[in-house]
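Colleague: When you line the sequence shown up against the working numbering, it's residues 1 to 271, in that order. One structure, as structure tokens, below. Some questions next.
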Amino acid sequence: MAHPRHGRIVDVLCADGSMSVDVLAERLGVTPQTVRRDLRTLTRDGSVTRTRGIAMATACVGTTVASRRDTDALTSACRTEQHLCEIAAWQVPHGSTVLLGSGAVAEGIGAALARRGGVRVVTSSLKVAMSLSIAARDVEDTRADIEVIVAGGVVRPSDSALFGTHIRAFLTDYRADIAIVGVDGVGADGGMLIGDLDCAAVLRMIIEVAREVWLVADSARFSNVRGFTMVGQIGRMARVYTNAPLPASIAEICDGRAIEVSVAVPMSEEA
1 MAHPRHGRIV
11 DVLCADGSMS
21 VDVLAERLGV
31 TPQTVRRDLR
41 TLTRDGSVTR
51 TRGIAMATAC
61 VGTTVASRRD
71 TDALTSACRT
81 EQHLCEIAAW
91 QVPHGSTVLL
101 GSGAVAEGIG
111 AALARRGGVR
121 VVTSSLKVAM
131 SLSIAARDVE
141 DTRADIEVIV
151 AGGVVRPSDS
161 ALFGTHIRAF
171 LTDYRADIAI
181 VGVDGVGADG
191 GMLIGDLDCA
201 AVLRMIIEVA
211 REVWLVADSA
221 RFSNVRGFTM
231 VGQIGRMARV
241 YTNAPLPASI
251 AEICDGRAIE
261 VSVAVPMSEE
271 A
């Protein structure tokens, strides 16, 4: 790591797990172009993994063999999830109002929408709103316009998610064209689960008020079901984006409800 900033980048990524180029640039007080140059260097020496605008540290101080395996699995899952987010975001019709909650899928969709523009985004996450605003500001093509509306509520310091009664009242005033959501797991009965009690009520409201809801979920969400709070049924979805054929029980539900299921071709490693 020739430059002191390189060590700072690795420290930040080790602490946060992953971060977009634009958010990392804001954190360090440098331009996104500078961060991209630094990340290319760190990627070559194996300190950082990059995928679809997201950077993750792979060489944290004190990393054990077991935790490195966990990091490799997380990196692979991150690549898959980001790939699915890219596919879903680029299928949003121009001029749509898109409703996003908080979490990795919301952040991935937000990053992809910022690159294509032409939409209005309503979000319950300050982190999503800020990354959208920064990315949109850096897009030179004036056609890539994007409007960001932030729902009001109580801010959770750990991830800048918004929740509470105020946000529920706010969301009732909107009828977004599309809500794009992620969950922790989908049970065999089609029940969609998350493990975040604070955000569960917000996600239920998002699913309720949107005209159409799309689910982005990699295959692990169906095979290794996590979460304990029900936020809705997969039968409410209009589209499902995943990376492997759905389990038989879920596929039957989707067929019966005429839900469009997109199974992504596995994404090759970045050059």
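All C-beta atoms, glycine included, are put in the ideal place defined by N, C-alpha and C.
Return the Cβ separation of VAL186 and PHE222 in integer angstroms, given the expectation that the two are a contact with Cβ distance under 8 angstroms.
Modeller: Sure, about 5 angstroms apart at Cβ, within 8 angstroms.
Colleague: Kindly indicate which three-state DSSP category LEU246 falls into: helix, strand or coil?
Modeller: coil
Colleague: Under the assumption that ALA114 contacts LEU132 (Cβ atoms under 8 angstroms), give the Cβ distance between them as a whole number of angstroms.
Modeller: 5 angstroms
Colleague: Going by the beta-carbon positions, is the gap between ARG204 and VAL231 smaller than 8 angstroms?
Modeller: yes
Colleague: If you follow the alpha helix (DSSP H) that VAL105 is part of, which residue opens it and which one closes it?
Modeller: 104-116
Colleague: Who are the near neighbours of ALA217 in its chain, counting only those whose CB is closer than 6 angstroms to its CB and skipping five residues on each side?
Modeller: THR242
Colleague: Could you tell me which residues DSSP pairs with GLN233 in its beta bridges?
Modeller: GLY191
Colleague: Does the structure place the stretch 154-163 close enough to the stretch 187-195 that three or more beta carbon pairs sit under 8 angstroms?
Modeller: no
Colleague: Please report the residue range of the alpha helix (DSSP H) in which ARG120 lies.
Modeller: Element bounds for ARG120: not the alpha helix (DSSP H) but the beta strand (DSSP E), 119-123.
Colleague: Within the chosen definition, does the stretch 118-129 reach the stretch 81-101 through at least 3 CB pairs nearer than 8 angstroms?
Modeller: yes
Colleague: To which residues of the same chain is PHE170 closer than 8 angstroms at the C-beta, ignoring the five residues directly before and after it?
Modeller: ALA151, GLY152 and GLY153
Colleague: Can you pull the DSSP bridge partners for LEU100?
Modeller: THR123
Colleague: Any idea which residues DSSP pairs GLY185 with across the strands?
Modeller: LEU193
Colleague: If you follow the alpha helix (DSSP H) that ILE167 is in, where does it begin and where does it stop?
Modeller: 165-171
Colleague: Where do the ends of the beta strand (DSSP E) carrying VAL263 lie?
Modeller: 260-263
Colleague: For ILE250, collect the residues of the same chain with a Cβ closer than 8 angstroms to its Cβ; drop the 5 residues on either side in sequence, then sort them by chain order.
Modeller: Counting only Cβ-Cβ distances below 8 angstroms, and skipping sequence neighbours, we find VAL186, ALA188, GLY190, PHE222 and ILE234.
Colleague: What span of residues does the alpha helix (DSSP H) with VAL23 cover, start to end?
Modeller: 21-28
Colleague: Around the C-beta of GLU147, are 16 or more other C-beta atoms found within 10 angstroms, so that it is buried, or is it exposed?
Modeller: exposed
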